[in-house]
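S.K.:
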Amino acid sequence: MLGAGFMAAVHSRAARSAGAALDALASARPESAARAAAELGYSRRLDPNALAEERFDVVHVCTPNDSHAEYAARALRAGSHVICEKPLATSAEAARTLTEAAADAGRLGAVPFVYRYHPMVREARARVAGGATGRLLTVSGQYLQDWLLGADDENWRVGSQAGGPSRAFADIGSHLVDLIEFVCGERIVRLAATARTVHEQRGGHPVDTEDAVALVVEFSSGAIGTLLVSQVAPGRKNGLVFELAGTEESLRFEQEDPERLWVGGRSASQLLRRDPDQLSPEAARLCVVPAGHPQGYQDAFNAFVADAYAVTRGQTREALPTFADGLRAAIVTEAVLESVRTRAWVEVSAR
Numbered sequence: 279m280l281g282a283g284f285m286a287a288v289h290s291r292a293a294r295s296a297g298a299a300l301d302a303l304a305s306a307r308p309e310s311a312a313r314a315a316a317e318l319g320y321s322r323r324l325d326p327n328a329l330a331e332e333r334f335d336v337v338h339v340c341t342p343n344d345s346h347a348e349y350a351a352r353a354l355r356a357g358s359h360v361i362c363e364k365p366l367a368t369s370a371e372a373a374r375t376l377t378e379a380a381a382d383a384g385r386l387g388a389v390p391f392v393y394r395y396h397p398m399v400r401e402a403r404a405r406v407a408g409g410a411t412g413r414l415l416t417v418s419g420q421y422l423q424d425w426l427l428g429a430d431d432e433n434w435r436v437g438s439q440a441g442g443p444s445r446a447f448a449d450i451g452s453h454l455v456d457l458i459e460f461v462c463g464e465r466i467v468r469l470a471a472t473a474r475t476v477h478e479q480r481g482g483h484p485v486d487t488e489d490a491v492a493l494v495v496e497f498s499s500g501a502i503g504t505l506l507v508s509q510v511a512p513g514r515k516n517g518l519v520f521e522l523a524g525t526e527e528s529l530r531f532e533q534e535d536p537e538r539l540w541v542g543g544r545s546a547s548q549l550l551r552r553d554p555d556q557l558s559p560e561a562a563r564l565c566v567v568p569a570g571h572p573q574g575y576q577d578a579f580n581a582f583v584a585d586a587y588a589v590t591r592g593q594t595r596e597a598l599p600t601f602a603d604g605l606r607a608a609i610v611t612e613a614v615l616e617s618v619r620t621r622a623w624v625e626v627s628a629r
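Numbering (the working numbering), first residue to last: 279 to 629.
Right under this line is the structure:
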C-alpha cells in the first residue's frame, strides 16, 4: 500500500475482505506510515523508494496525483500487478505510457471506478444492452459535493502541482463520465465545457484548479447530454446521479440511494429494488446481502478489489475497470480543459 490517508484505508478494508495479507505500507512521511501501518494492520513499513526493488502480488497506489505515474511504473517494472487511484496520471500521454507498460509486462493495471460495482448500475447497463431502453436519446448527470465550499477548506488537490491541472473534473467528473459511458455502452465524441474557480485563494495560497465544471456532450449515436460537476454545492456530500432517456424507457440512478433504480415509461414508471432474485446475472452476482439489507460504497469497493485480485489469478471478470479506462478518463479530462481554455467545441479522441 502506497499512501496513508483516507483512500489507503478504503483500499485496505477491501483488500482484507478479498483475503489479502496486508504486507507492507509506504508513505512519504515516516510518521504517517507508522501510524497507518499500525491502524490498518500492515506487517511492516516500507520506504517508497524501495518499491522497484521488491515484487508484490499487488501494489495499491493511493498517493497524491502527481506521483501516481511514477509509483505505478516502478511497481510494474518490479513485476507487481497494480491498482492505481484515479487520475491514473495527470496527463493523457503519461496515462497512455502506463497502459502500454502494463500490457507489455503482462500485469494487471486497474483503476477504481467503483461505482460500476453497485448492483443497480449493472442492472441499468443490462437493460440498455438488452434493448429494453431502446435507442439512446438524452443523458443528464451530476456529481455534486460540498467539502471544498469555504475559502478556508484546504486540501493538496486544490493546487495543480500535486493534484494536476484539473481538480473537480479529474477527481469526480471522471467517475461520472466513466459511469455514463459504462451504462450507455457509448462514448462521448464531442463536448463543450465551462469551468469556475470560486475561491481564488485558500488559506492564503493561490488556487489554480477549478471548483465546478458544466458540459454539453454528444455521444457516438447522436444522443446529447448535459453534465454538472461541483465541489462547492452546499448540502451535497456525494451526489452522483445519472439519468438517461431512450425511445422505450428512462433510467435514473442515485449513488446516495443505491438500492433502487428508477425506470420511467410513458404510461407508467416503477422503482426497481435491489433483489438478487429479480436482477440480471451480473447485478445479482454483486449482491452480497439479501434484499432489504442495504449495500453501499465500501461494498462496491470490496467487489472491485475482489474482481481485480481474481483477474491477477488468471480468472475472468466482467467489466473490470483497467488502465485503459484510466487513460480514457485522462483523454476526456484534457478535452474538457481544452474546451474551457478555447471556449469552443472539442472533439474527444477515441484513444
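All C-beta atoms in this analysis are idealised placements derived from N, C-alpha and C, irrespective of residue type, glycine included.
From this set, L518, A602, L605 and T475, which residue's C-alpha is nearest E534's C-alpha?
M.R.: The residue given as residue 534 occupies position 256 in the sequence shown. Among L518, A602, L605 and T475, the Cα nearest to that of E534 is on L518.
S.K.: Whole-angstrom Cβ separation of C340 and G281, contact assumed at under 8 Å?
M.R.: To locate residue 340, count along the sequence shown from 1; it is residue 62. To locate residue 281, count along the sequence shown from 1; it is residue 3. Correct: roughly 3 Å between the Cβ atoms.
S.K.: Where V491 and Q573 are concerned, what is the direct C-alpha to C-alpha distance, given to the nearest angstrom?
M.R.: Taking the sequence shown and counting its residues from 1, one reaches residue 491 at position 213. Taking the sequence shown and counting its residues from 1, one reaches residue 573 at position 295. Each residue's alpha carbon lies about 30 Å from the other.
S.K.: Report yes if the CB atom of E250 is closer than 8 Å to the CB atom of A501, and no otherwise.
M.R.: In the structure as shown, the chain begins at 279 and stops at 629. Residue 250 is therefore absent and cannot be evaluated.
S.K.: Over what stretch of residues does the beta strand (DSSP E) that includes G542 continue unbroken?
M.R.: Counting from 1 along the sequence shown, the entry for residue 542 is found at position 264. Taken as a continuous stretch (DSSP letters only), the beta strand (DSSP E) holding G542 covers R538 to G542.
S.K.: Measure the Cβ-Cβ separation of Q509 and V288 and say whether it is below 8 Å.
M.R.: Here the question's residue 509 lines up with position 231 in the sequence shown. Here the question's residue 288 lines up with position 10 in the sequence shown. No, these two residues do not count as a Cβ contact at 8 Å.
S.K.: V541 and E526: beta carbons closer than 8 Å?
M.R.: Position 263 of the sequence shown, counted from the first residue, corresponds to residue 541. Position 248 of the sequence shown, counted from the first residue, corresponds to residue 526. Going by C-beta atoms, V541 is not nearer than 8 Å to E526.
S.K.: How far does the beta strand (DSSP E) with Y395 in it extend, from its first residue to its last?
M.R.: Within the sequence shown, residue 395 is the residue found at index 117, counting from 1. No beta strand (DSSP E) contains Y395, which DSSP labels as neither H nor E.
S.K.: Report all residues from its chain with a CB closer than 8 Å to the CB of V618; omit the five preceding and five following residues, and keep chain order.
M.R.: The residue labelled residue 618 in the question sits at position 340 within the sequence shown. Answer for V618: A471, T472, A473, E488 and V491, listed in chain order.
S.K.: Between which two residues does the alpha helix (DSSP H) holding F284 run?
M.R.: By 1-based counting over the sequence shown, the position of residue 284 is 6. Run containing F284: F284 to S295, per the alpha helix (DSSP H) assignment.
S.K.: Over the uninterrupted alpha helix (DSSP H) stretch that includes G604, give me the two end residues.
M.R.: On the sequence shown, position 326 is the one that residue 604 refers to. G604 -> alpha helix (DSSP H) spans F601 to T620.
S.K.: Measure the C-alpha to C-alpha separation of H396 and R514 and round it to an integer number of angstroms.
M.R.: Position 118 of the sequence shown, counting from 1, holds the residue named residue 396. Position 236 of the sequence shown, counting from 1, holds the residue named residue 514. Separation of H396 and R514 (C-alpha to C-alpha, rounded to the nearest whole angstrom) is 20 Å.
S.K.: Suppose you measure from the CA of D424 to the CA of T600; what does that come to, to the nearest Å?
M.R.: Taking the sequence shown and counting its residues from 1, the one referred to as residue 424 is at position 146. Taking the sequence shown and counting its residues from 1, the one referred to as residue 600 is at position 322. The alpha-carbon atoms of D424 and T600 are separated by roughly 29 Å.
S.K.: Looking at the secondary structure, which residues open and close the beta strand (DSSP E) in which C362 lies?
M.R.: Counted from its first residue, the sequence shown places residue 362 at position 84. Taken as a continuous stretch (DSSP letters only), the beta strand (DSSP E) holding C362 covers H359 to C362.
S.K.: Answer with buried or exposed for R394, where buried requires no fewer than 16 other C-beta atoms within 10 angstroms of its C-beta.
M.R.: As a first step, residue 394 is located in the sequence shown; it is residue number 116 there, counting from the start. Its Cβ being crowded by 16 or more others within 10 Å, R394 is buried.
S.K.: Are the C-beta of L506 and some C-beta of chain D separated by less than 8 Å?
M.R.: Among the protein chains of the structure shown there is no chain D, as only one such chain exists.
S.K.: Between G319 and the rest of its own chain, which residues show a CB-CB distance below 7 Å, the 5 nearest in sequence each way excluded?
M.R.: Start at 1 with the first residue of the sequence shown, and residue 319 comes out as number 41. Same-chain partners within the cutoff: L300.
S.K.: Which of helix, strand or coil does DSSP assign to L454?
M.R.: On the sequence shown, position 176 is the one that residue 454 refers to. L454: helix per DSSP, three-state reduction.
S.K.: Per DSSP, what kind of secondary structure is R563 in: helix, strand or coil?
M.R.: Here residue 563 corresponds to residue number 285 of the sequence shown, with the count starting at 1. DSSP places R563 in helix when its eight states are reduced to three.
S.K.: On the CB-based measure, 16 or more other CB atoms within 10 Å of its CB, does H483 come out buried or exposed?
M.R.: In the sequence shown, the residue the question calls residue 483 occupies position 205. The residue in question, H483, is exposed, as its Cβ has fewer than 16 Cβ neighbours within 10 Å.
S.K.: What ranges does the beta strand (DSSP E) occupy inside the stretch 450-509, keeping only unbroken runs of at least 3 residues that lie completely in it?
M.R.: 466-474, 490-497 and 502-508
S.K.: To the nearest angstrom, how far is the alpha carbon of S452 from that of S358?
M.R.: Position 174 of the sequence shown holds residue 452. Position 80 of the sequence shown holds residue 358. Taking the straight line joining both Cα atoms gives about 26 Å.
S.K.: Decide if the stretch 583-599 is in contact with the stretch 416-433; the criterion is three or more beta carbon pairs, one per stretch, under 8 Å apart.
M.R.: no
S.K.: When we look at the beta-carbon of P536 and count the other beta-carbons within 10 Å, is it buried (16 or more) or exposed?
M.R.: Residue mapping note: residue 536 aligns to position 258 of the sequence shown, counting from 1. P536 should be labelled buried.
S.K.: For A356, which residues in the same chain have their Cβ closer than 6 Å to its Cβ, ignoring the five residues on either side in sequence?
M.R.: Counting from one through the sequence shown, the residue named residue 356 turns up at place 78. Excluding sequence neighbours, A356 sits near A330 and R333.
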